[in-house]
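> This structure is in structure tokens; I'll ask about it shortly.
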Amino acid sequence: MQFPHPFIQELQAQLGNEYADFEAALQQPPPVSIRYNSVKFPDFPTQDTVKWCAEARYLPVRPVFTLDPLFHAGAYYVQEASSMLIGEALKQTVDLTEPLRVLDLCAAPGGKTTLLASALSSDSLLLANEVIRSRVMILKENVQKWGFPNVHVSNHDPEDLGKLGGFFDVILVDAPCSGEGLFRKDPDAVEEWSPENVQTCAGRQKRILGAAMPLLSAGGILIYCTCTYNDAENRDSSAFVVNSGQFEEVRLHLPTDWGITAKMLGYQCYPHKVKGEGFFLAVFRKTTQSDSFHYNMEKNGRPRSFKPLHKKQLSEISRWLKEPDDFSFYEKPNGDVIALLENQKEDLIILDNLLFAKGLGLEMGSFKGTDFIPSHALALSTAVSDKLPRLELSESEALQFLKKENLMLDAPKGWLLVTYQGLGLGWVKGLGNRINNYLPKDWRIRMEIPE
Ligand code: SAM
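Under this note's numbering, the first residue of the sequence shown carries the number 319, and numbering increases by one thereafter.
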């Protein structure tokens, strides 16, 4: 693989006589790693673990993940190992047993959202935001697969979130960057790289950070990360945060055998020292007291875009959830029913009033007359009731279901939660002599399944 000359010069300047090892590492195949969803899949294998993430492991070869029903059930997420350091940064800087309001500002496709969701307490609120509308779909899909009812999605430019000044305790800015750290994983990143693009990314990052900083409460934690190496982005954006006079850098304690390089501000993973890709991370604490969030709940305490579900529908809805008393149920103007966790209802009503493009709460489904049609998100949710009728499938049956093919199986009449190794994959409706497959069309496996 050939690299652009200015890139080589910058990395030679950063690494000195280590540069040859760095370049040799870039010629090696990238390691493959996955991070388990321990709520859904608690008995995960623990060999070849990633040093800084107990729920993650390296795989000896890259399987075809599409052909693994557990991948579709949200049992794990395929994630590059270096970026899992976010979990360690959180552990060292916030009390993860406390309920926190957390914003993942640049969230699609949602890898770090799933990591944050697993790290936070279940009574924390996590808002995964993505500005590019076409990327919100994949973000929603990954959030739904992970299945945590305390994770919500929005579609805003960071600069449009100003009304949430002082609202969040933690903000992750996984910034759009020049992607130098992905060169060996994604050769297109080399093609797209240019010094001009580095400058564009650097400018964009400062704008995003500038919009993020006021959204944090006093003492709040800002995590900035990229998958690149250059100083124009990593060092200068970090300096921009500190030079605002409102933040101090927080140093982390990272064991030397992890191979992570401490910089003046932040930390860099280089692939010749870490089993992972190029990744930069810096953590800051807000030192100013000025930004606190104010909201008049008495005046605006009612949701704007949904209304409480009719009482007579509550008993039907309740039976679909493990702990229905933990939720309040609402109906959207289009008839969709959502469930909001009781302990974050107030915050969600605030978000509903202050944000326009959002998907709050757990999508439950909708009523057709007295019949309730469950949503796909409910099948994948960790909150779905374990008392509902289920249809456990073999691996080949599960793949047939995921291709949205018709299943020739004996099944009782009515809604059945289709499972693989006990994990929800979707819904079918038993009709006596046949089964209707309710997998959403957009979610189906498109590749041919080998015999
Ligand atoms: N956090 C994601 C994950 O772990 O899966 C990856 C995020 S990716 C590095 C950066 C994201 O920032 C992309 O989804 C991109 O669409 C978004 N983005 C691009 N321009 C942006 C902007 N001006 N403001 C905010 N986000 C932007």
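Where a beta carbon is used, it is the ideal one built from N, C-alpha and C, also for glycine.
Is the beta carbon of residue 466 sitting closer than 9 Å to the one on residue 737?
Looking up residue 466 in the sequence shown gives position 148. Looking up residue 737 in the sequence shown gives position 419. Their beta carbons are not under 9 Å apart, which means residue 466 does not touch residue 737 by this criterion.
> Compute the distance between the beta-carbons of residue 449 and residue 475, then report whether it is under 9 Å.
What you label residue 449 is simply residue 131 of the sequence shown in a count that begins at 1. What you label residue 475 is simply residue 157 of the sequence shown in a count that begins at 1. Yes; because the gap between Cβ atoms is below 9 Å, this pair is in contact.
> Output the distance between the C-alpha atoms of residue 605 and residue 410, rounded to the nearest integer angstrom.
The sequence position of residue 605 within the sequence shown is 287, counting from 1. The sequence position of residue 410 within the sequence shown is 92, counting from 1. Computed Cα separation, rounded: 17 Å.
> Can you name, in chain order, every residue of its own chain whose Cβ lies under 6 Å from the Cβ of residue 679, other than the five neighbours on each side?
As a first step, residue 679 is located in the sequence shown; it is residue number 361 there, counting from the start. Taken in chain order, the residues that qualify are 656, 657 and 658.
> DSSP state of residue 755, grouped into three classes?
The residue you call residue 755 lines up with position 437 of the sequence shown. Reduced to three states, the DSSP call for residue 755 is strand.
> Which term fits residue 582, buried or exposed, when burial requires 16 or more other beta carbons within 10 angstroms of its beta carbon?
Start at 1 with the first residue of the sequence shown, and residue 582 comes out as number 264. It is exposed - the Cβ of residue 582 has fewer than 16 other Cβ atoms within 10 Å.
> So, under 8 Å CB-CB, residue 520 and residue 551 are touching, yes? Tell me the CB distance rounded to an integer number of Å.
The sequence position of residue 520 within the sequence shown is 202, counting from 1. The sequence position of residue 551 within the sequence shown is 233, counting from 1. Their Cβ separation, rounded to whole angstroms, is 5 Å, which keeps residue 520 and residue 551 in contact under 8 Å.
> Alpha carbon to alpha carbon, what distance is there between residue 619 and residue 532?
Here residue 532 refers to the residue found at position 214 of the sequence shown. Here residue 619 refers to the residue found at position 301 of the sequence shown. C-alpha separation (whole angstroms): 24 Å.
> On the DSSP bridge assignment, give the partners of residue 736 in chain order.
The count along the sequence shown starts at 1 and reaches residue 736 at position 418. In the DSSP output, where bridge partners are listed per residue, residue 736 has 709 and 744.
> Would you call the CB atoms of residue 461 and residue 432 closer than 9 Å?
The residue given as residue 461 occupies position 143 in the sequence shown. The residue given as residue 432 occupies position 114 in the sequence shown. It is a contact, given that the beta carbons lie within the stated cut-off.
> Is residue 645 buried or exposed, if buried means 16 or more other CB atoms sit within 10 Å of its CB?
The count along the sequence shown starts at 1 and reaches residue 645 at position 327. Buried is the call here.
> Does DSSP put residue 501 in a helix, in a strand, or in coil?
Position 183 of the sequence shown, counting from 1, holds the residue named residue 501. Of the three classes helix, strand and coil, the one that applies to residue 501 here is coil, per DSSP.
> Considering just the uninterrupted stretch of the alpha helix (DSSP H) at residue 630, what are its terminal residues?
For the purposes of this step, residue 630 is identified with residue 312 of the sequence shown, where counting begins at 1. It spans 629-636 - the alpha helix (DSSP H) in which residue 630 sits, taken as one unbroken run.
> Please return the same chain residues whose Cβ sits closer than 7 Å to the Cβ of residue 383, not counting the five positions on each side in sequence.
Here residue 383 refers to the residue found at position 65 when the sequence shown is read from its first residue. Excluding residues within five positions, the ones whose Cβ falls inside 7 Å are 389 and 396.
> Here's the rule: buried if 16 or more other CB atoms are within 10 angstroms of the residue's CB, otherwise exposed. What is residue 379?
On the sequence shown, position 61 is the one that residue 379 refers to. Looking at its Cβ environment, which holds fewer than 16 other Cβ atoms inside 10 Å, residue 379 is exposed.
> Nearer than 8 Å: is that true of the beta carbon of residue 524 relative to any heavy atom of the ligand SAM?
The sequence position of residue 524 within the sequence shown is 206, counting from 1. No, the ligand SAM has no heavy atom inside 8 Å of this Cβ.
> Just how far apart, CA to CA, sit residue 755 and residue 728?
By one-based count along the sequence shown, residue 755 stands at place 437. By one-based count along the sequence shown, residue 728 stands at place 410. Answer to the nearest angstrom: the Cα atoms are 14 Å apart.
> Could I get the ranges of all uninterrupted alpha helix (DSSP H) runs contained in the segment 578-664, with 4 residues as the minimum, in chain order?
Runs of the alpha helix (DSSP H) inside the segment 578-664: 629-636.
> Can you tell me whether residue 674 is buried or exposed? The criterion is at least 16 other CB atoms within 10 Å of its CB, across all chains shown.
For this step, residue 674 is matched to residue 356 along the sequence shown. Residue 674 is exposed by the Cβ-count criterion.
> Between 611, 640 and 685, which has its C-alpha nearest residue 290's C-alpha?
Residue 290 is absent from the structure shown; the chain starts at 319 and stops at 769.
> Measuring CB to CB, does residue 425 end up less than 9 Å from residue 457?
Here residue 425 is taken as the residue at index 107 of the sequence shown, counted from 1. Here residue 457 is taken as the residue at index 139 of the sequence shown, counted from 1. For residue 425 and residue 457, yes; Cβs fall inside 9 Å.
> Under the rule that 16 or more other beta-carbon atoms within 10 Å means buried, what is residue 740, buried or exposed?
Start at 1 with the first residue of the sequence shown, and residue 740 comes out as number 422. When all chains shown are included, residue 740 counts as exposed.
> Considering only heavy atoms of the ligand SAM, does any lie closer than 8 Å to the CB of residue 510?
The count along the sequence shown starts at 1 and reaches residue 510 at position 192. Incorrect: residue 510 has no Cβ contact closer than 8 Å to the ligand SAM.
> What are the complete alpha helix (DSSP H) segments, minimum 4 residues, inside the segment 330-357?
337-344, all fully within the segment 330-357.
> Please check the pair residue 672 and residue 482, which I expect to be a contact at CB under 8 Å, by giving their CB distance rounded to whole angstroms.
Here residue 672 refers to the residue found at position 354 when the sequence shown is read from its first residue. Here residue 482 refers to the residue found at position 164 when the sequence shown is read from its first residue. Sure, about 6 Å apart at Cβ, within 8 Å.
> Under a three-way DSSP split, which group does residue 409 fall into?
For this step, residue 409 is matched to residue 91 along the sequence shown. Three-state result, residue 409: helix.
> Does the segment 585-592 come within contact of the segment 336-349, defined as at least 3 CB pairs closer than 8 Å?
Flag = yes, the segment 585-592 and the segment 336-349 touch.
> Please list the segments of the beta strand (DSSP E) lying wholly inside the segment 419-485, counting only runs of 3 or more residues, in order along the chain.
Counting whole runs of 3 or more residues, the segment 419-485 contains the beta strand (DSSP E) stretches 419-422, 443-447 and 469-472.
> Can you say whether residue 682 is buried or exposed, counting buried as having 16 or more other CB atoms within 10 angstroms of its CB?
Here the question's residue 682 lines up with position 364 in the sequence shown. Under this definition residue 682 is a buried residue.
> Which residues bound the alpha helix (DSSP H) around residue 369?
Locating residue 369 in the sequence shown gives position 51, counting from the first residue. That residue, residue 369, is in no alpha helix (DSSP H); it is neither H nor E in DSSP.
> Check whether the segment 567-579 touches the segment 522-538, counting contact only when three or more Cβ pairs, one atom from each stretch, lie closer than 8 Å.
In short, these stretches do not touch, since the Cβ pair count stays below three.
> Assign residue 439 to buried or exposed, taking buried as 16 or more other Cβ atoms, counted over all protein chains shown, within 10 Å of its Cβ.
Your numbering for residue 439 matches position 121 in the sequence shown. Label assigned to residue 439: exposed.
> Inspect the CB distances between the segment 347-363 and the segment 593-602 and report whether three or more fall short of 8 Å.
The segment 347-363 is in contact with the segment 593-602.
> Under 8 Å Cβ to Cβ from residue 497, same chain only, skipping five residues before and after it: list those, please.
The residue you call residue 497 lines up with position 179 of the sequence shown. Closer than 8 Å at the Cβ level, and outside the excluded window around residue 497, lie 504, 507, 510, 511, 545 and 546.
> Using the Cβ count rule (16 or more neighbours within 10 Å means buried), how would you classify residue 652?
Taking the first residue of the sequence shown as 1, we reach residue 652 at position 334. By the neighbour-count rule (16 or more Cβ atoms within 10 Å), residue 652 is not buried but exposed.
> Distance check for residue 419 and residue 513, CA to CA, integer angstroms please.
Looking up residue 513 in the sequence shown gives position 195. Looking up residue 419 in the sequence shown gives position 101. Taking the straight line from one Cα to the other gives about 37 Å.
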